[in-house]
Structure formats: structure tokens, C-alpha cells
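Trainee: What follows is a single structure, and I will ask about it in a moment.
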Amino acid sequence: MMFYPNWMIWNNLVPLAMNDKQIPNGILVSGLVRSGTTWTARMLNFSPQTIFVLEPFNILRDPIHLLKAGTNYPYWSHPDAHIFQKIRSGVGLSFTPEEFRIFMKESSSFKYHLYHLVRYITLNRRIKKGMRPVVQDPFAIFMAPWLYEKLSLRPLFLFRHPAAYINSMKRMKWGFNFDWLARRESLMEGVLSPFKDEILKWAPKAFIPFSIETQCLVWNIFTGIMLTYRDTYPDWLFFRHEDLSMEPVAHFKKIYHELGFPFSAPIIKKIEEFTGTGNTVEAKSGKMHTLKRNNRANVKLWQKQLEPAEITLIRKQTEQVAARLYDDDSWPKL
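The opening position of the sequence shown corresponds to residue 1 in our numbering, with each subsequent residue numbered one higher.
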């Protein structure tokens, strides 16, 4: 039996948003994995005023990740000065000589030393030009309030239909490690508390292979957190992946203007090139990302690839959370 949170309780667990609007130093594009964060960040990166930063909070991404968080989905409520410098540099906001020395000292090979040297030169050159980072990272979801309040990274969160998300996870054969969440004690007593028992049920196992049951739980947890953010932070941006896919030019025009980036004819052409009907609908076999897609057709691809019984189960397992984002017309008549 799934347990669903009282949304008013959740709202009391999240820090209050800042009262005064600030010009963001950069943008954080986050959401569930397989929800279009890479695609969305790349569409924003068509602006010559942006720097693309790939998943600095992902423990599998060497050598940029030297935060030593121990798990994915890291969280620090009050990071010390050392961690603060690593985060600030990791998200592309700075790379001071002191930060450069930290990364060089903690890197383990000549290859990584060379990487940081090149990054030190190129990042500082881009920062001097006034370019802003677009940080693509689904693993930064718990750090979003801190990144917003301390580093002025403005979050853009993506929702995705639960059946589309689970269909994508099924294609990739990806599971989940609930221990990543269980080890965050402050979060387990805070925003994760409504799901604490279910997380602990699965956490003793090192890794849970793909199953619809566990992926519905993952979707409920992270979508619930994003909905709480939406209720709490009026200055943040929230979009459904389906809406961006159906009307990419119109929606990215809004996003560009909201973030203060010019939306020029060359950018429109690139977006149309990457989302047009002439592109493939299905992702290429074995590839994690296929950025050039027929996005409109891709929106309902899950309806062809999932079995009716799977769709029925997904809807049953997620309906209390999904109803806040997707109405009856978003589901096929079975």
C-alpha cells in the first residue's frame, strides 16, 4: 500500500523562499531522471550566453565530482567552507586559484589534473564574458533551495507523466538505490518523512532492479517534493515535459525571456531542428539520450510500448500525486 503525504505538512518542511527577487547567477535544470532535463538544458545552451554544466552532484561523474557525498542526491544544510568552494566551482560559478588548488590536490591522476587545468582556463574565460551556467542535474533536487538562496541559481523543474517516466526507465533497465535516501537522516525526518517506512523497506538492499512498483514509489517521492517546491517558491520555473514537447518554440521563448536570454532566429531554428517531425520518434537502441526527436510523437510513445495492465497499475500506484498534474484525458481509455 502506497502512503501519500498531507501536502500542508510538506509545505511546513521546506524553507521559505526569498522575498526579494534576484537576478540569477545561473540556472539549475532538475527533475526526475528520464524527465527531459538533458534535452531542456541543451535547448537553453543554444544561447551563446550560457555555459553547460553536466551533473556536478552525480557521484558517477568523475572528475568534476569531488564532493565526497558518498551517495547520489547529496544534501548539506550548512556546508563548510571547503564544500562550499567545491559546490560553487562545480556548478560553474567560479574557479578561483584556491578552488583550482583544491581540485588538483584531490584529483587522482594526470588525466584529471589536465582536465581541471583546461577547465580552469576555459571557465574563467567564459565567466569574464558574462556567461551564465546552465546546470543540468536531477541529483541536485534536495540542494535546490540552498543553491537558490546561497548561490542565486534559479531552478527550472520538469515534471513527466508517470507512465512515460516508467516506460523510459524500463527501456534503460534502470533500478534505484533507496539507501541513497535512507542515509540522509535530516531529509528522512523532513521532506522524506511521509515515505520513510517505504524507503526503509527497500533500503537494506544495495540496489533494486527495475520494477513498476518501486519506480512508482520513486516517481511519487520526487514529484511530491517538486510539487511542494512549486507551492513554496513562486519565483521558480516549473514545466511539464509534455508541454515543452508539444509546443517547444513557444515555451522556450517564455523560458528564455524569463531568464533574460535573447531568443533569436538562429536559436529558434536550432530548437525546431532538434524537435521537428522529421526526427526519429523512438530513442536509438542502447543510447541513454537521443536529443533530436520528434517530440510531439514521443509524448504518447508509452501508450504503444506499455501493456494495458502495466498502465493500469501505474495509474493506480501514482494517482494521488499524479492527479495534481495530469487529468483523465492524459490517460488512455483501456
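Note that the Cβ used here is the ideal one computed from N, Cα and C, for glycine as well. Here the structure is a predicted model, which is why all the values come from computation and not from measurement.
Hey, how far is the Cα of Phe100 from the Cα of Tyr326?
Mentor: Cα-Cα distance, rounded: 46 Å.
Trainee: With a Cβ-Cβ cutoff of 7 Å, do Pro155 and Trp236 count as a contact?
Mentor: Closer than 7 Å, so yes.
Trainee: Rounded to the nearest angstrom, how far is the Cβ of Tyr73 from that of Trp202, given a contact under 8 Å?
Mentor: Not quite, the Cβ-Cβ distance comes to about 15 Å (not below 8 Å), so this is no contact.
Trainee: Tell me which same chain residues have a C-beta within less than 8 Å of the C-beta of Lys21, skipping the five on either side of it?
Mentor: Note that Lys21 has pLDDT 46, beneath the 50 cutoff, so the model's placement of it is unreliable and the number below is only indicative. Asp235, listed in sequence order.
Trainee: Measuring CB to CB, does Pro138 end up less than 7 Å from Thr214?
Mentor: Against a cut-off of 7 Å, the Cβ pair of Thr214 and Pro138 comes out as no contact.
Trainee: What's the C-alpha gap between Glu189 and Lys196?
Mentor: Straight-line Cα distance between these residues: approximately 8 Å.
Trainee: Within the segment 116-203, note down every full beta strand (DSSP E) run reaching 3 residues or more, in order along the chain.
Mentor: Segments of the beta strand (DSSP E) lying fully in the segment 116-203: 132-136, 153-159.
Trainee: Would you say the segment 293-305 touches the segment 158-167, given that touching needs at least three Cβ pairs under 8 Å?
Mentor: The segment 293-305 is in contact with the segment 158-167.
Trainee: Return the first residue and the last residue of the alpha helix (DSSP H) that Leu44 is part of.
Mentor: Here the alpha helix (DSSP H) through Leu44 covers 37-44.
Trainee: Starting from Arg240, trace the beta strand (DSSP E) in both directions and tell me its first and last residue.
Mentor: Where Arg240 is concerned, the enclosing beta strand (DSSP E) stretches over 237-240.
Trainee: Which residues does DSSP pair with Ile27 in a beta bridge?
Mentor: Note: Ile27 sits in a beta bridge opposite Val134, Arg154.
Trainee: Using the three-state DSSP reduction, which class does Thr275 fall into: helix, strand or coil?
Mentor: Reduced to three states, the DSSP call for Thr275 is helix.
Trainee: I'd like to check one pair, Pro133 with Gly92: are the Cβ atoms closer than 7 Å?
Mentor: In this structure, Pro133 lies closer than 7 Å to Gly92 by Cβ.
Trainee: Since Thr50 sits in a beta bridge, which residues does DSSP pair it with?
Mentor: In DSSP, Thr50 forms a bridge with Arg132.
Trainee: Assign Ile208 to one of three DSSP states: helix, strand, or coil.
Mentor: It is a strand residue.
Trainee: Only counting the same chain, and skipping five residues up and downstream in sequence, which positions put a Cβ closer than 7 Å to that of Asn12?
Mentor: Because Asn12 sits at a pLDDT of 35, beneath the cut-off of 50, its placement in the model cannot be relied upon, and the point is left open.
Trainee: Considering Cα atoms alone, identify which of Arg240, Thr50, His78 is closest to Phe261.
Mentor: Ranking the options by Cα distance to Phe261, first place goes to Thr50.
Trainee: Out of Leu32, Gly26, Lys316, Trp76, point me to the one whose CA is closest to Arg184's CA.
Mentor: It is Trp76.
Trainee: Output the distance between the C-alpha atoms of Ser47 and Thr223, rounded to the nearest integer angstrom.
Mentor: Computed Cα separation, rounded: 29 Å.
Trainee: Report yes or no: do three or more beta-carbon pairs, one from the segment 237-245 and one from the segment 26-46, lie closer than 8 Å?
Mentor: In short, these stretches touch, since the Cβ pair count reaches three.
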